[in-house]
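Enquirer: Before I ask anything, let me first share the structure, which is written out below as structure tokens.
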Amino acid sequence: MLGLRELQLGFAAAVLDGADGVFDRHVRAAGLSGARRLQVYRNNALLSLTGALEAVYPVTRRVVGEGFFQYAAAQYIARHPSRSGDLHAFGEQFPPFLQSFVPAADLVYLPDVARLEWAYHRVFHAADHRPLDVAALARVPAERRGELRFELHPAARLLESAFPILRIWQVNQDDHDGDAAVDLSEGGVKLLIVRRENLEIEFQPLEEGEFDLLQALAGACDFATACGRAMAARPTLDLPACVQRHVSQGVLVAFHLPGS
Amino acid sequence: MTAKPALSRLGPSSIPARAGIGLRAEHYAAVLEAPPPVGWLEVHSENYFGAGGKPLDYLERIRAHYPLSLHGVGLSIGSTDPLDQRHLASLKNLIRRFEPALVSEHLSWNSVGGRYFNDLLPLPYTEEALDHMVARVVQVQDVLGRQILIENPSSYLQYVESAIPEGEFLVALADRSGCGVLLDVNNVYVSARNHGFDASAYLRAIPRRLVQEIHLAGFTVNRFDDGELLIDTHNRPVWPAVWALYRQAVQRFGRIPTLIEWDTDLPELAVLVDEAHRADAILEEHHARAA
Chain A
1 MLGLRELQLG FAAAVLDGAD GVFDRHVRAA GLSGARRLQV YRNNALLSLT GALEAVYPVT
61 RRVVGEGFFQ YAAAQYIARH PSRSGDLHAF GEQFPPFLQS FVPAADLVYL PDVARLEWAY
121 HRVFHAADHR PLDVAALARV PAERRGELRF ELHPAARLLE SAFPILRIWQ VNQDDHDGDA
181 AVDLSEGGVK LLIVRRENLE IEFQPLEEGE FDLLQALAGA CDFATACGRA MAARPTLDLP
241 ACVQRHVSQG VLVAFHLPGS
Chain X
1 MTAKPALSRL GPSSIPARAG IGLRAEHYAA VLEAPPPVGW LEVHSENYFG AGGKPLDYLE
61 RIRAHYPLSL HGVGLSIGST DPLDQRHLAS LKNLIRRFEP ALVSEHLSWN SVGGRYFNDL
121 LPLPYTEEAL DHMVARVVQV QDVLGRQILI ENPSSYLQYV ESAIPEGEFL VALADRSGCG
181 VLLDVNNVYV SARNHGFDAS AYLRAIPRRL VQEIHLAGFT VNRFDDGELL IDTHNRPVWP
241 AVWALYRQAV QRFGRIPTLI EWDTDLPELA VLVDEAHRAD AILEEHHARA A
């Protein structure tokens, strides 16, 4: 007779690790065998977690096809088990997993497509935030503006890829109409993924400079340093207009002055 | 900011003794456009553990129209791992924000050694497991500061170690922890068929005072060369045999709030509403006879 802890560990070994036969003797074989009954739980756990990955990575799934996706998902689940009863966190390691997943090695853009989907998932569920207090920002003395630290909306993410992942994402949407071909040689993209006040998610391809500015601010650089990086990337950037746009569109939502 | 409706929210106090439906994301828009004539709604707590965005916004707006029940599937109460305090804190926040009339979880476990199955797994029904469940339910109720309901699961295996019939285990758990019972009539039927026990006797083993909510759903039959198993798939209408068992439950337990659950292959909202009305008719029938 096993205690509760040992039964649960034995069940996990049988169902998650596929330890065959060992646990069967703890299952009543009424009609159906213990092995058959355990198999139901094996299927359920796999279905539940595969379903969670499918919900976050629909474009990845469409690109590789259902059979391949299920195979990849099963491998992923075995290597990166779910660590929470809240499935929102499950699947975070799927993009790096795909990066080293040999059967997908030819699909060089696939990990970045998955990164885009993970960013979308995080943006979808991220916290709400009020817009930036523009009047308070205007009161910051001009000589101290360089010290400002800005915060991006919790539902804003920056993502850079050497591949046209936005185009790949778009042509793989159910409502996409028209040419579905993607020319990989059209090059990469620097993206802002942001949730609007109406809670819809928007992708904005950003130009050199603008992306660098937001990335520096997101990385907690002060405003002067961020501006320096932006201008280095693109000397012709209209910085004031760029900052104003991201304030009014709710990308930059808070600021503080160190020491005040 | 998202516009919030001016409607004042219905109080947390009670779930009406009528049928309600399980609300899933696919039906958010339809429910808001034309709130269907059902008594109340239930959602899976974990679907609203995100920090913000659409799910919480929809629930906020829908909550203005209906009494709400929060049904958890991920707390892993029966696990021998420590309770996940973060999970519990998220649940507590959700309760504070949405003021549900009922909060429920399962007579099950779904994780061990830090690994989650994200599925409801059966417990061995032993004195040790009972002591453990009692302590855990008490712990959960202490943190949440309220009573929870515990639901009987569908199961596909029984442990050789089990010594207590499930119904008795559930009653002892409720008596010792102070939790209520969410009686899933479909699960009683599914487990009775899978393990060869008497579903009616199961109902009779549960005292009237403990049952505060009933669940109904559809199952799937998986056939093998050596027999069959009923699987609790929530992907089709309630089976006639389960409606029959539900009538018995209503006769025994009276007018109890009853939920129609449907989770995969979701039909149009109207199909769920029709199922809820069938349950309402049975509740009414009983009421008329009892009056």
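Read top to bottom, the protein sequences are chains A and X.
Take the first sequence: its letter number 204 is residue 204 in my numbering, and every next letter is one higher.
Take the second sequence: its letter number 196 is residue 196 in my numbering, and every next letter is one higher.
Backbone N, C-alpha and C define an ideal beta-carbon position, used for all residues, glycine too.
All values derive from a computational prediction rather than experimental measurement.
(1) When we look at the beta-carbon of residue 11/A and count the other beta-carbons within 10 Å, is it buried (16 or more) or exposed?
(2) Using CA coordinates, which residue listed in 276/X, 249/X, 183/X, 203/X is at the minimum distance from residue 237/X?
(3) Please report the distance separating the alpha-carbon of residue 256/X from that of residue 250/X.
(4) CA-CA distance, residue 123/X and residue 97/A?
(5) For the stretch 84 to 109 of chain X, which residues have a beta carbon sitting closer than 9 Å to at least one beta carbon of chain A?
(6) Closer than 8 Å, Cβ to any Cβ of chain X: which residues of the stretch 9 to 38 of chain A, in chain order?
(7) In this structure, what does DSSP give as the bridge partners for residue 159/X?
(8) Against residue 139/X, what residues of chain A qualify as contacts under a CB-to-CB distance less than 9 Å, listed in chain order?
(9) Measure how close the beta-carbons of residue 70/X and residue 103/X come, nearest whole angstrom, since I'm counting them as under 8 Å.
(10) So is residue 230/A buried or exposed if we call it buried at 16+ other beta carbons inside 10 Å?
(11) Quick check on the burial criterion: 16 or more other C-beta atoms within 10 angstroms. Buried or exposed for residue 161/A?
(12) Can you name, in chain order, every residue of its own chain whose Cβ lies under 7 Å from the Cβ of residue 117/X, other than the five neighbours on each side?
(13) Does the Cβ of residue 82/X have 16 or more other Cβ atoms within 10 Å, making it buried, or fewer, making it exposed?
(14) Out of 217/X, 241/X, 252/X, state which residue places its alpha-carbon closest to the alpha-carbon of residue 271/X.
(15) Assuming contact is defined by CB atoms lying nearer than 8 Å, are residue 38/X and residue 21/X in contact in what I supplied?
(16) Mapping the DSSP letters down to three states, classify residue 131/X as helix, strand or coil.
(17) Since residue 16/X meets chain A, which of its residues come closer than 8 Å, beta carbon to beta carbon?
(18) Could you list which residues in chain A have their beta carbon closer than 7 Å to that of residue 75/X, in chain order?
(19) So which residues of chain X does residue 41/A contact, with C-beta pairs closer than 8 Å?
(20) Between the stretch 184 to 211 of chain X and chain A, which residues of the former have a C-beta closer than 8 Å to a C-beta of the latter?
(21) Helix, strand or coil: how does DSSP classify residue 80/A here?
(22) Using a Cβ-Cβ distance cut-off of 8 Å, determine whether residue 94/A contacts chain X.
(23) Exposed or buried, what is residue 102/A when buried is set at 16 or more other beta-carbons lying within 10 Å of its beta-carbon?
(24) Taking only three categories from DSSP, how would you classify residue 274/X?
(25) Using a Cβ-Cβ cutoff of less than 7 Å, which residues in the same chain neighbour residue 222/X once the five nearest sequence positions on both sides are dropped?
(26) Runs of 4 residues minimum, wholly inside the stretch 34 to 61 of chain A: which ones carry the alpha helix (DSSP H) assignment?
(27) How far does the alpha helix (DSSP H) with residue 246/A in it extend, from its first residue to its last?
(28) What residue range is occupied by the uninterrupted beta strand (DSSP E) comprising residue 219/X?
(29) From 204/A, 152/A, 166/A, pick the residue whose C-alpha is nearest to that of residue 256/A; which is it?
(30) Using a Cβ cut-off of 8 Å (strictly closer), state whether residue 148/A contacts chain X.
(31) Cα separation between residue 225/A and residue 241/A?
(32) Name the one or two DSSP bridge partners that residue 205/A has.
(33) Specify whether the stretch 129 to 138 of chain A and the stretch 205 to 220 of chain A touch according to this definition: at least 3 beta carbon pairs, one from each stretch, less than 8 Å apart.
(34) Strictly by DSSP, which residues pair up with residue 112/X?
(35) Taking a Cβ distance cut-off of 9 Å, strictly less, list which residues of the stretch 119 to 131 of chain A are near chain X, in chain order.
(36) Tell me which residues share the same chain as residue 186/A and place their Cβ nearer than 6 Å to its Cβ, disregarding the 5 neighbours each side in the sequence.
Expert: Quick look at the numbers:
(1) buried
(2) 276/X
(3) 7 Å
(4) 34 Å
(5) 84, 86, 87, 90, 109
(6) 9, 11, 12, 15, 16, 25, 26, 27, 28, 30, 31, 32, 33, 34, 36, 37, 38
(7) 27/A
(8) None at all; the shortest Cβ gap to chain A is about 15 Å.
(9) 5 Å
(10) buried
(11) buried
(12) 110, 111
(13) exposed
(14) 217/X
(15) yes
(16) helix
(17) Those do not exist, as residue 16/X stays about 30 Å from chain A at its closest Cβ, beyond 8 Å.
(18) 85
(19) 117, 119, 121, 156, 157
(20) 195, 196
(21) coil
(22) no
(23) exposed
(24) helix
(25) 228, 229, 231
(26) 34 to 56
(27) 239 to 248
(28) Run containing residue 219/X: none; DSSP gives neither H nor E here.
(29) 152/A
(30) no
(31) 18 Å
(32) 191/A
(33) no
(34) 115/X
(35) 123, 124, 125, 126, 127, 128, 129, 130, 131
(36) 164
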